Amino acid sequence: DGGITQSPKYLFRKEGQNVTLSCEQNLNHDAMYWYRQDPGQGLRLIYYSQIVNDFQKGDIAEGYSVSREKKESFPLTVTSAQKNPTAFYLCASSTGGTGGNEQYFGPGTRLTVT
Amino acid sequence: AQSVTQLDSQVPVFEEAPVELRCNYSSSVSVYLFWYVQYPNQGLQLLLKYLSGSTLVKGINGFEAEFNKSQTSFHLRKPSVHISDTAEYFCAVRAAGNKLTFGGGTRVLVKP
Numbered sequence: 327d328g329g330i331t332q333s334p335k336y337l338f339r340k341e342g343q344n345v346t347l348s349c350e351q352n353l354n355h356d357a358m359y360w361y362r363q364d365p366g367q368g369l370r371l372i373y374y375s376q377i378v379n380d381f382q383k384g385d386i387a388e389g390y391s392v393s394r395e396k397k398e399s400f401p402l403t404v405t406s407a408q409k410n411p412t413a414f415y416l417c418a419s420s421t422g423g424t425g426g427n428e429q430y431f432g433p434g435t436r437l438t439v440t
Numbered sequence: 002a003q004s005v006t007q008l009d010s011q012v013p014v015f016e017e018a019p020v021e022l023r024c025n026y027s028s029s030v031s032v033y034l035f036w037y038v039q040y041p042n043q044g045l046q047l048l049l050k051y052l053s054g055s056t057l058v059k060g061i062n063g064f065e066a067e068f069n070k071s072q073t074s075f076h077l078r079k080p081s082v083h084i085s086d087t088a089e090y091f092c093a094v095r096a097a098g099n100k101l102t103f104g105g106g107t108r109v110l111v112k113p
């Protein structure tokens with residue numbers, strides 16, 4: 327089955343620790359995205375990548391980093407510089423970064439930092 | 002810049018009743034419009050999208066939406082809801098060359 331996998335589903339970390347969230351897709355999509363979801367705020371774009379070895383900041387990139395070394399993978403690191411990291415993180419992919427191409431979403435990772 | 006406003010944060014509705022979720026957008030250029038559904042603790046799933054052509058778009062699970070350019074709206078409707086339609090619904094817009102922008106979401110609670 328083609329799709330997007332995110333692991334783990336739940337993640338707990340202590341304040342001050344960096345943590346990496348995994349996102350893998352086997353849809354052969356060029357573009358991949360990371361969103362953060364907070365209650366009542368919809369989805370906010372953290373980073374996106376339209377091609378391997380290239381990525382751009384979204385609306386709320388501060389405190390986050392990404393890499394895109396393989397087409398299938400787009401891991402997100404939440405660094406200790408992120409002031410309020412507890413949230414639900416969603417990864418998505420699409421055939422292209424613009425136009426009417428729909429984005430396909432993974433099941434999400436819920437990160438709790440205490 | 003583009004923006005999306007979902008006018009209702011929560012919509013309670015009885016089973017088998019109709020529901021309408023309102024979405025308004027702002028953009029100075031032509032847009033593509035999407036509705037997604039999110040069930041609890043899951044990712045988003047596409048319900049329907051408007052790219053061009055007929056302004057009435059039919060999607061999965063009996064949902065439909067109407068694009069109104071003059072009102073800059075893309076309201077989502079279902080004539081008869083089921084308990085299983087309890088979820089959060091997101092309207093999203095993309096202008097050509099821009100990123101996808103999401104509204105704040107509308108929680109639908111279907112009551113028996």
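Sequence lines, in order, name chains A and B.
In the working numbering, each number is its position in the first sequence, counted from 1, plus 326.
In the working numbering, each number is its position in the second sequence, counted from 1, plus 1.
Glycine residues also receive a C-beta, built at the ideal position from the N, C-alpha and C atoms.
Keep in mind the model is a prediction, meaning the values are calculated, not measured.
- prompt: Along the chain, where does the beta strand (DSSP E) that runs through LYS59 of chain B open and close?
  reply: First-last of the beta strand (DSSP E) with LYS59 of chain B: 57-59.
Residue range of the beta strand (DSSP E) that includes LEU369 of chain A: First-last of the beta strand (DSSP E) with LEU369 of chain A: 369-377.
task: Give the C-beta separation of SER375 of chain A and MET358 of chain A to the nearest angstrom, bearing in mind that I take them to be a contact with Cβ-Cβ under 8 angstroms.
output: With a Cβ gap of about 5 angstroms, SER375 of chain A and MET358 of chain A count as contacting.
message: Suppose you measure from the CA of LYS335 of chain A to the CA of GLN363 of chain A; what does that come to, to the nearest Å?
response: Near 14 angstroms, if we compare the C-alpha coordinates of GLN363 of chain A and LYS335 of chain A.
message: I want to see whether chain B comes within less than 7 angstroms of GLY453 of chain A, judged by CB atoms only; does it?
response: Residue coverage of chain A in this structure runs from 327 to 440, which leaves residue 453 of chain A outside it and unanswerable.
query: Taking Cβ-Cβ distances shorter than 7 angstroms, what residues in chain B pair up with PRO433 of chain A?
result: Correct list: GLN43, GLY44.
field: chain B contacts from the region 380-400 of chain A (Cβ-Cβ distance under 8 angstroms)
entry: Per Cβ criterion, the list reads GLY384.
field: Per DSSP, cross-strand counterpart(s) of GLU65 of chain B
entry: DSSP output for GLU65 of chain B lists B:LYS59, B:ARG78 as bridge partner(s).
task: Give me the Cα-Cα distance between SER419 of chain A and GLN351 of chain A, rounded to the nearest whole angstrom.
output: Between SER419 of chain A and GLN351 of chain A, the C-alpha separation is close to 8 angstroms.
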